[in-house]
Amino acid sequence: MLFTELGLSDAILRAVSDQGYTTPTPIQAQAIPAVLAGGDLLAGAQTGTGKTAGFTLPILHRLSTAIKNPNVHGTPIRTLILTPTRELAAQVEESVRQYGKYLKLTSAVIFGGVGINPQIKLLKHGVDILVATPGRLLDHMQQGTVNLNHVEILVLDEADRMLDMGFIKDIKRVLAALPKKRQNLLFSATFSDEIKTLADGLLNAPAMIEVARRNSTVEIIAQKVHPVDRDKKHPMLTHLIKTHQWSQVLVFTRTKHGANKLVEQLEKDAISAMAIHGNKSQSARTKALAEFKDGNLQVLVATDIAARGIDIDQLPHVVNYDLPNVAEDYVHRIGRTGRAGATGEAVSLVCVDEFSLLKDIEKLIKRELPREIIDGFEPDPHAKAQPIQLRSGGGGGRGQQPRAGGAGKPRSGTPGKPRSGPAPANGNVAVRSSAQHRSGGRGR
Ligand code: AMP
């Protein structure tokens, strides 16, 4: 199947072709006709499947070909896309701009961590497509600076993550402010009971699409475990980076403090590194991500939530410096590599404290990961496991706090497992250009 067979307008096809894509991914091949047909959609698809274009392309087509309501003046928001994190919101809006570059439609993204006033200006001016994280959108609703009365299409992207992050109340308040008659698209990687309840209340006779689960993405990623003593992880990472000459590595740590510490250590080893996590200002996170994407930064150290939705083409190496507390996060992490068919490599540095986490992961992905001991880093066979520190120690790196009234509960499917509550993406700024994007201050 080719993109040209999907019924999209020439202007959109041209933009797709500019990206170098000719063949739709499975989610695109199914979602695009379903969305063009105008009905609701429930899609099981994860980051890395091409889902963003799966909803963006048909939305752009529908908005650009619909006849404008003569009774509505200005540029009302006609599509609202909600995402769980700031990074994902920015990436989705970037896609909207890329795929819509030959159309007259306008878009904006609003999220927290940056000043609200530039967003107010943008919203006053009017945009066709608004991408937002729930927190700041609510701020705007409360201040009366956003008008959602003309929304025709609603997208909930990574709905499972939004629920995990405690956004359900916020989402319900947003839904209550939308016109009753609209098209709803819900994308989720997993289908917990909570998601099913949300979908039941939201969707009207939806088309249902489920593309290959992440586990099959897992197949194309070479995975390895390097057993190592807890205090040898840093020298081992430096050893791996230097001997293999890795030039672009995404490294995951469990805590924000751990991420900061590792950055300092790597820099002492003459390896350029930056951290992204919830305690970093939005501008610092955006800068680190941009430098990493451009190839100017060798190592990006991230906590799980900060890395969610990061889209880096052809990222060759992911390192689990610490295993995640929740097995599903392993799959999300390694999915940063090997995207859209590219092959990648994911290595995990595992110490004795993490053996039970490793077991959980292997159970989830239904395979045993190969162990490879590295010469000079043989783990002490008599080492005793110590409890894993879930929260950061000092240095301002307290464990991430859940959003008030929201997250902090264990992820479904992992009963009783402690999980540090994710930092919500709930402050928020409207940005239209990358330049503006990088200039935001902190605070809601
Ligand atoms: P997503 O799942 O939307 O985050 O997309 C994952 C990655 O696949 C992104 O880097 C996209 O640019 C890329 N991508 C999207 N559609 C296609 C396609 N049809 N062919 C190849 N790559 C694609």
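Under the working numbering, think of the first position of the sequence shown as 2, with each following residue one higher. Where is the CB? At the ideal position from N, CA and C, for every residue including glycine. The model shown is predicted, which means the values in this text are computed figures rather than measured ones.
So what's GLN1 in DSSP terms, helix, strand or just coil?
In the structure as shown, the chain starts at 2 and stops at 445, and residue 1 therefore has no counterpart that could be examined.
Can you name the start and end residues of the alpha helix (DSSP H) that MET209 belongs to?
It is not in any alpha helix (DSSP H) - MET209 instead sits in the beta strand (DSSP E) that spans 208-211.
Exposed unless 16 or more other CB atoms sit within 10 angstroms - verdict on LYS269:
exposed
Does at least one heavy atom of ligand 1 sit under 6 Å from the Cβ of TYR22?
yes
Would you be able to state if there are at least three C-beta pairs under 8 Å between the segment 263-278 and the segment 289-303?
yes
Do GLU94 and VAL115 have their C-beta atoms within less than 7 Å of each other?
no
Pairwise C-alpha distance: ILE130 and GLN99
13 Å
Going by beta carbon distance, what residues of the same chain come within less than 6 Å of ASN261, once the five residues before and after it are set aside?
ALA276
Report the option in ASP305, LEU176, THR48 and THR107 whose CA atom is closest to the CA atom of ASP158.
THR48
Inter-residue spacing [alpha-carbon to alpha-carbon] between ASN150 and MET209
27 Å
With DSSP as the reference, identify every bridge partner of GLN224, one or two as the case may be.
ALA347
Name the DSSP bridge partner or partners of ALA274?
VAL300
Can you tell me which of ALA133, ILE13, GLY45 and ALA67 puts its alpha carbon nearest to the alpha carbon of GLY39?
ALA67
Please report the residue range of the alpha helix (DSSP H) in which LEU106 lies.
That residue, LEU106, is in no alpha helix (DSSP H); it is neither H nor E in DSSP.
Apply the 10 Å Cβ neighbour rule to HIS318 and answer buried if 16 or more other Cβ atoms are within range, or exposed otherwise.
buried
If we ignore side chains and look at the alpha-carbon of each, how far apart do LEU43 and LEU187 end up?
5 Å
Whole angstroms is fine: what's the gap from LYS181's alpha carbon to LEU104's?
27 Å
By how many angstroms is the C-alpha of PRO27 removed from the C-alpha of TRP247?
31 Å
Distance, Cα to Cα, ASN185 vs GLU88?
22 Å
Hey, quick one: how far does the alpha helix (DSSP H) through THR66 stretch, first residue to last?
52-66
Under a Cβ-count criterion, where at least 16 other Cβ atoms within 10 Å of its own Cβ denotes burial, should GLU211 be classed as buried or exposed?
exposed
For LEU186, list the residues DSSP reports as bridge partners.
LEU42 and VAL156
Mind checking which residues open and close the beta strand (DSSP E) that includes LEU251?
250-253
Comparing the C-beta of GLY49 with each C-beta of chain B, is any distance below 7 Å?
Absent from the structure is chain B; it holds one protein chain and no more.
To the nearest angstrom, report how far apart VAL348 and GLN144 are at their CA atoms.
47 Å
Please report the straight-line C-alpha distance between GLU373 and PRO228, rounded to a whole angstrom.
7 Å
Could you please give me the residues that DSSP links to ARG372 through a beta bridge?
VAL226
Whose C-beta lies closer than 6 Å to the C-beta of ARG162 among residues of the same chain, with five residues either side of it excluded?
PRO85
Could you tell me whether any non-hydrogen atom of ligand 3 is closer than 6 Å to the CB of GLY51?
With respect to ligand 3, the structure offers nothing, as its ligand set consists of ligand 1.
Counting C-beta neighbours from all protein chains within 10 Å, is the total for TYR331 16 or more, i.e. buried, or is it exposed?
buried
Excluding the five sequence neighbours on either side, which residues of its own chain have a C-beta within less than 6 Å of the C-beta of LEU81, listed in chain order?
LEU131, VAL152 and LEU155
Collapsed DSSP secondary structure at ILE362 in the structure displayed
helix
Run of the alpha helix (DSSP H) containing ALA133, from where it starts to where it stops
It is not in any alpha helix (DSSP H) - ALA133 instead sits in the beta strand (DSSP E) that spans 130-133.
Is it buried or exposed for LEU358, if we count other Cβ within 10 angstroms and need 16 for buried?
buried
Counting C-beta neighbours from all protein chains within 10 Å, is the total for SER18 16 or more, i.e. buried, or is it exposed?
exposed
Taking just the CA atoms, how far does LEU204 sit from LEU241?
48 Å
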